[in-house]
Structure formats: C-alpha cells, structure tokens
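All remarks here apply to the structure that follows.
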Amino acid sequence: MAGPINWFSQVFSITKFGLLSIPQRRGAVVATIIGIAGVVTVLVGVLSIAAGFKQAMTASGAPDSAIVLRSGADSEMVSGLSRDQTRVIADAPGVARTAEGPLASAELFVIIDLPKRSTGTDANVPLRGVESAALRVRDNIKIVQGRMFEWGKDEVIVGSGAAQEFAGLELGSKLKVGRYEWPVVGIFSAAGGVAESEIWSDAKVLQAAYNRGDSFQSVYAKLNSPGAFQEFKDSLTANPQLNVKVSRQSEYYAEQSEKVTLLITTLGFLIAFLMATGAVFGALNTMYSAVSARTREIATLRALGFGRGAVVVSLMIESLVLALVGGAVGGGLAYFAFNNFHTSTMNFQSFSQIAFAFKVTPALLVRGIVWAALIGLIGGLFPAIRAARMPIAAALREL
Amino acid sequence: MKFFHLIWCNLKRKKLRTSLTLLSILVAFVLFGFLASIQQALVGGVAMAGADRLVVRHRVSIIQLLPESYKARMERIPGVVLATHQTWFGGIYQDPKNFFMQNPVVPDEFLNMHPEIILPPEQLADWLKTRTGAIVGRKTADRFHWKIGDRVPIQSSIWSKADGSRSWEFDIVGIYDGKNKGIDTTPLFFRYDYFDEERQPDRGRGLVGWYTIRVKDPAQAAEVAKRVDQEFENSSAETKTEPEGAFIQAWAKQIGNIVFIVSAILVAVFFTILLVTGNTMAQAVRERTGELGVLKAIGFTNAQIVSLVLAESCLLTVLGGVLGLGLACLIMPVLAEKLSGLLPLFFFPTRDLLVGLGLSVVLGLVTGIFPALQAMRLRVADALRRM
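Chains L and H are the protein sequences, given in the same order. Mapping of the first sequence onto our numbering: position 150 corresponds to residue 153, and the numbering continues sequentially without gaps. Mapping of the second sequence onto our numbering: position 61 corresponds to residue 76, and the numbering continues sequentially without gaps.
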C-alpha cells in the first residue's frame, strides 16, 4: 500500500534536492536554458512567417465566393478573358444578384514597380482594376482613410498593407503609371486579407493605361450560397463559349500560397532540427555534469533505500523543468519579437508582393514547448540512466 | 607545439563532456553551412552579374513588353556594344511543380552576351540550323533525363500559337554548362524567330520582355543607362535601365531582407554555442585549479598559462568547426538535389567555408579568454591550497 506513495515521495525529494542545487551550477544551467530558448525562438519565429503568410492568403476568400480564370492559367497574372466571356460568367446560374445586376466583378491584375520601404529597391506591387460589384463580392473591404475612387476617374485606393510597405502610396500622393498620374484618394483594409497588399482602380481606367483593350483577367463572383458553387462551376465548364477554370476563392488563394509556405516551413524545420540537435548535446552535457557533481548524494540516497526508478524519474523531471523554462523563454521571446511584425515578400506564384504580418499562433507556441520538452527528455534520459546504474559502494568510496 | 600532448590529454580527461561539446560545435557549423547555402541560393546571383552589362526593362513593370525595334536604337547609343533581348515564356513541362525558366533568345547574340554559358560550338551550329531548336542547362537536362535529339513539349501559361494551342515543342540541340558553380543551369533557351513567327499576331508579336546591353566601359555604365532611358522618354514604352547586379539584387530583395534574416539566425546559433563551449572551458579550468597552481609553481609564465587554456579551447572549436564544415560539404550537395526545384542555386560556396574556419578560431578565442584570464590570475599559494 505504501509502495506508490513512498515512490512518489522519493521522486519528490530527489527532484527538490536537484532543483535546489541549481544555483550552484548556474553557468551550465543558464547555458542549457538559453540553448533551448534559442531553438524555440528560431523554430517559432521562422514558422510564424509561414503562418502569417498563410493567414493573409486564406483570410481572402469567403466560402460563397468564386474566381474564374482562363483554363490553364495558374494565376491571375497570366489569365485572360474577353468582355463577352466575362458577361457570360456574370450571368451564370448560382451568381447572387441585386437590383443593379449580378454580384460579379471582371478584373484586371497587373503589377507596378514601386520601391519597397524596407530595402529601397523596386518591387512588383499588385495593381488591380475592378468593377463596381467588387466591394460587394468581397464583403470585408472597408475604406479606413479618405474615400472610394470615383468610377471612370483616374484615381486609386490603396490597401493598408501596401501603403505601409511601399513608398509613395500615402493618402494624397500621386501614383505614376507610365505617363499617367493617379492620385491616391483612399486607404482600405480587407480584414488582413491579400487585397490589403493591392492598389485598386477602375478596371476601365487600367485597361486604357496598360493597353488591354476591353479584356480582363479574372471574374470574382459572389454566389447565392456556398452550396451553389457546383452548379456555377458545372454550367461554366459545360459552356462551349468558355474555356475557363473555376475555383472557390479560398481554394485559389490556398493554392497560391502553397509554394512560399512550403519553402519557409521546409527551411524552418531543417534549421530548427539542426539547432535542436545541438541543444540536445548541450542539455546532455549539463545533466551529465549535474549527475557527476551529485555522485555521492545519489549513492547515499540509494544506500538509504531510494529506488533506481525514483532516481531516473526525478533526474528526468529536473531536465524537463529546465527545458520547459527554456521553451517558455524562447516562446515568449518569439512572441514579443515577431508577432505582428509587418513585412512583405514576393509570392512567386502570383509574381507579386504580398504584405503580411508574422503570426505567432498558440499552435506554434505549443509546438515550441513540445520541442523543448523533447530536448529536455532526451537530454535527461541518458544521464539519469547512468546515475541509476552507478554501483553504490564505488560511488560512496569517492567520498 | 611541445605542449600539444598536454593540451590533448586535458581535452581527453572528460571524454564525454568534450565529445558532447564537440558535437554541439559540429552541429552549429553544419547549420552555418546550411544557412550559407540558402543565402547563396537566394542572393548569390548578384556576384555572377557582369559588370559591363545593363538590364533594360519597361519603366512601369517587368510584365510590360518592349518593342523589338528598340534593339537597333539602343545599339546606336554611344557606349553600347551590343543589345539583345529575352522574354518570359512561363512554360510548364508536364506538371507545374517541374518549374524552370524558358526564354526565347537570339542564339548568337545571346551567347555573345553571356560568355558564362558554355555551349560546344557544334551544338551552337546545330542550334543555328534548327528553327525549333533549344538548348537546356545541365541541371534541367539531368533532372528530366533529356538528351540531345529529344523533342520536348512545353505548355505556355502566357503565349498561345496562332492556331490557339498553347503547347510548344522544342528539339533539344544542345546542353550547356556554367563557367562555374554559381551559374544557374536550369533555364532552357529557344529561338526567338520561331517564337515570334508562331505566336498569335495580335498578342505581342514584335514585343519582347527585357533587354541586356553590353557597355564598352563599365566605368561609364551609369552614363549609358541614363542615355538609354532618355532615348525612350515620352515614347509609349519608357524604359528603366540599371546595372545587371542592381537588377538581380533588387529581384532578390523582393523576397525580403534575406541577408538580415540569415545573419540573425546565425547570431542566435553562435551565441548559444558560445555559452555551451564557454561553460565547458570554465568547468575545465575550475577543476584544474590545483594543477594550474603546480604549473605556475614550477615556472610557467602567465603568458604560457593563458596560451595553454586558449589553445585548448581553440583546439576544441577548430576540431568541431572542421568536422562540422566537412560534414556540411558532404550534406549540402545531397540537399541541393532535393531542393533543386525550389532553389536551383543552392550550394555551399568556398568563400563561406573559409569564413567558417575563421569563425571557429574566433569562437575558440572568445570562449577561452575568460577562463584563461581566470587561470592567469590564480595565486600559486591559493591554488595549491585548494588541491
């Protein structure tokens, strides 16, 4: 009966003893904690880039909205649709309608060279020409400063991310597009979505400036319901007048973010894995020296009747505690240093810049703590086994 | 050198501790190799830029095309030796995941402009004879097991032929190599005349993506760039001309400040290793207080004591550094294979290998200096008393 309780009290007293001796080996303990904190900071930091990028891209599509491109086009940039085609698409079954007509916006998507504030070098900033339904097709667009541009006028509004990341897009400044100069009359937000990286103008104005005749690149449509997507898609793909690819907006943007997210996560994991290996060696070192400094104490305890299991478990707990402290420090550091850090990067799939903010999500923090715990457990296991296997008599003789 | 044996024995005294420290140093240097290779892959192209080359693109953005007729006008500008163009084809071979660049070029002008691309003369002769001929870099040829004589179909996401089809077929007539490892050998180049005659007449015929210019004197590059832009000012397609290096650099910076991110991670890694190694050395010196006292008592000078400790820490870090960098040299080529689709220019440059070696010495000095000073300050009497 007293067995398990006795065992727990053994574990408790050895652990307490170990943790209380930490101040005596400050140097080694601090080195381990910082080592593990470093791993967690880098892991969480790098993955927060991918998380933020993905979040910006996936915040962009409601389930009841669709995007239509030319078949075979893997991004808006290389797509092309004629005016007749966009009309057929807007009139397709499944598209929501209001008194003013179908909720479908035929759009142009081009890039314009603007200097990036952080580097001072030119970047491909997306410039989108929209039709009046655009604001209702995407329900998250809000003008936060200034006003909406007037239809048919040479004016633009700028996404809040773009205004922050690229030079010359402040409210009231003028955007130079070739020989044209378009005043920035408003700044808009899009609930953190990818539209915030873009500059918007009237599609007709953009067609003229970029010599696009009366052609477009995509149609964004609001559907009657998320369930109406299949009907909408089927009717378009069955139509012999069209040769188009129909996707849900959410799927399209998830696909668009795939490559960058994959690249960042692959590199991030490789870096963090290597760092973690290094940290395991550091933790092993600390725990081995902790064990060897306590050879006599452990032998004495064993002589008094403390079990091997209790010695192993308590040393592992000690290592785990150090690792968790390191993990918490690292996670906290990553959170304060990186969360909501605004930046922009090139999305190779859309050939244009995406402004986004690093996101240190709870899931990432949990992942960081799990890695720290694993480092601590591996780092504690071998020294603990060695301590438990120590022959009592020989260890006591070292006295 | 005569104390090498002593230093070596000191390191061997706590074999486990020494090997664990060595392993963490090793891992740090493997990571160094990995980060250096990533950086090389993302921004290394800048070093390969020709100092005598300028890139001319449409002023509004690179997706806007320029007239083919600009070539003749550019070559009339004083200081310009040669102008040639390329166009982004945006093709897909079988699967979008198989990404590599394909551009239409004018063969002899293109090879003249880019001496870093090495193509056997008989293959060039074949290329000039074959309208549908294309040359491909060694990496892509190896990746898809293409041989000379193969006919490869590529779907263009941008360009359709006059008959509306988007499938273009090319005959591989040559496989080129780079002059050195830094040259990207993934692109495929095919003939502009074939491209221009086949594409739809109303969609871009006679228009090209961007120009590369060779200037007579690199010192005059900025002047020439200005003259080129002035030449096309107020035309329907105004240009922006800059040195090739600046163009590539701006391109790399579109991704973000890579150099900064890589350096930040390296600082985190080396700071950690500094602590681990420094801690090992401090422990080692603490344990040996008595012996150091004896050494001093038998006449070792302060300088000798400091050197002994420093030599020990440097031996540890340099050993770890050499093993780690060596391992990196073995691993990176394997990783390069795996990452070739994402990062074609991924390799561990010799320059960074040397930087790494230097870094291992610095790491040894920095981690050893405090324990060494501590050892130096020991008073013989105190040290011996602690024995």
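C-beta: ideal position from N, C-alpha, C; glycine also.
So which of the options has the shortest CA-CA distance to residue i?
{"i": "L/A95", "options": "L/E79, L/T101, L/P105", "result": "L/P105"}
{"i": "L/I372", "options": "L/A31, L/I36, L/F11", "result": "L/I36"}
{"i": "H/L307", "options": "H/L399, H/L358, H/L360, H/Q54", "result": "H/L399"}
{"i": "H/G356", "options": "H/P202, H/E259, H/R366", "result": "H/P202"}
{"i": "H/R394", "options": "H/R366, H/D211, H/I320, H/P359", "result": "H/I320"}
{"i": "L/M319", "options": "L/F354, L/A376, L/A137", "result": "L/A376"}
{"i": "L/Q107", "options": "L/I274, L/F341, L/S68", "result": "Per the sequence shown, the amino acid found at residue 107 of chain L is Ala instead of Gln. Among L/I274, L/F341, L/S68, the Cα nearest to that of L/A107 belongs to L/S68."}
{"i": "L/K179", "options": "L/I202, L/G64, L/S317, L/G271", "result": "L/I202"}
{"i": "L/F276", "options": "H/V284, H/M296, H/V291", "result": "H/V284"}
{"i": "H/V333", "options": "H/I40, H/T33, H/K162, H/L35", "result": "H/I40"}
{"i": "L/A102", "options": "L/R120, L/L72, L/A136, L/I357", "result": "L/A136"}
{"i": "H/K241", "options": "H/T316, H/A87, H/I92", "result": "H/I92"}
{"i": "L/G181", "options": "H/T254, H/T155, H/K162", "result": "H/T254"}
If you draw a straight line from the C-alpha of residue i to the C-alpha of residue j, how long is it?
{"i": "H/S175", "j": "H/R181", "result": "4 Å"}
{"i": "H/G271", "j": "H/V42", "result": "27 Å"}
{"i": "L/V247", "j": "L/I39", "result": "51 Å"}
{"i": "L/A93", "j": "H/V239", "result": "50 Å"}
{"i": "L/F300", "j": "H/K196", "result": "The sequence given here has Glu at residue 300 of chain L, not Phe. Rounded to the nearest angstrom, the two C-alpha atoms are 59 Å apart."}
{"i": "L/G10", "j": "L/T268", "result": "In the sequence under discussion, the amino acid at residue 10 of chain L is Trp, which differs from the Gly named in the question. Cα to Cα, L/W10 sits roughly 44 Å from L/T268."}
{"i": "L/I381", "j": "H/V377", "result": "30 Å"}
{"i": "L/M4", "j": "L/Q13", "result": "A caution first: L/M4 carries a pLDDT of 42, below 50, which makes its placement in the model too unreliable to give a value."}
{"i": "L/S322", "j": "L/G334", "result": "18 Å"}
{"i": "L/F219", "j": "H/S375", "result": "58 Å"}
{"i": "L/A54", "j": "L/M349", "result": "16 Å"}
{"i": "H/A343", "j": "L/I190", "result": "48 Å"}
{"i": "H/Q269", "j": "L/A170", "result": "14 Å"}
{"i": "H/V70", "j": "H/C329", "result": "47 Å"}
{"i": "L/P26", "j": "L/R389", "result": "23 Å"}
{"i": "L/V81", "j": "H/L380", "result": "56 Å"}
{"i": "H/A177", "j": "H/R218", "result": "9 Å"}
{"i": "H/L289", "j": "H/L331", "result": "12 Å"}
{"i": "L/A286", "j": "H/S34", "result": "13 Å"}
If you count every other CB in all the chains shown that lies within 10 Å of the CB of residue i, and 16 or more means buried, which is it?
{"i": "H/H73", "result": "buried"}
{"i": "L/K19", "result": "exposed"}
{"i": "L/T240", "result": "exposed"}
{"i": "L/V161", "result": "buried"}
{"i": "L/F15", "result": "exposed"}
{"i": "L/I395", "result": "exposed"}
{"i": "H/H20", "result": "exposed"}
{"i": "L/L245", "result": "buried"}
{"i": "H/F275", "result": "exposed"}
{"i": "H/G179", "result": "exposed"}
{"i": "H/V370", "result": "exposed"}
{"i": "H/E302", "result": "exposed"}
{"i": "H/W433", "result": "No statement about residue 433 of chain H is possible, as the shown extent of chain H runs from 16 to 402 and does not include it."}
{"i": "L/E168", "result": "buried"}
{"i": "H/V282", "result": "exposed"}
{"i": "L/Q259", "result": "buried"}
{"i": "H/A396", "result": "exposed"}
{"i": "H/I187", "result": "buried"}
Would you mind giving the Cβ-Cβ distance between residue i and residue j, rounded to the nearest angstrom? I have them listed as a contact below 8 Å.
{"i": "H/F204", "j": "H/N113", "result": "Going by Cβ atoms, the distance from H/F204 to H/N113 rounds to 17 Å, so no, they are not a contact pair."}
{"i": "H/L57", "j": "H/I280", "result": "In fact, because the Cβ distance is near 13 Å, the residues do not count as touching under 8 Å."}
{"i": "H/D141", "j": "H/G148", "result": "6 Å"}
{"i": "H/S76", "j": "L/D116", "result": "5 Å"}
{"i": "L/Q252", "j": "L/G64", "result": "3 Å"}
{"i": "L/E158", "j": "L/W185", "result": "6 Å"}
{"i": "L/V47", "j": "L/L367", "result": "5 Å"}
Provide the residue(s) that pair with residue i in DSSP beta bridges, ordered along the chain.
{"i": "L/G104", "result": "L/T101"}
{"i": "H/I107", "result": "H/Q170"}
{"i": "L/Q148", "result": "L/I190"}
{"i": "H/W225", "result": "H/Q101"}
{"i": "L/S355", "result": "L/N350"}
{"i": "L/S218", "result": "L/S85"}
{"i": "H/N118", "result": "H/F204"}
{"i": "L/H345", "result": "L/A360"}
{"i": "L/V249", "result": "L/V71"}
{"i": "L/K177", "result": "L/P186"}
{"i": "H/S182", "result": "H/Q170"}
{"i": "L/S204", "result": "L/G132, L/V159"}
Name the chain A residues that come within less than 7 Å of residue i, Cβ to Cβ?
{"i": "H/E253", "result": "Looking for chain A here will not work: the only protein chains present are L and H."}
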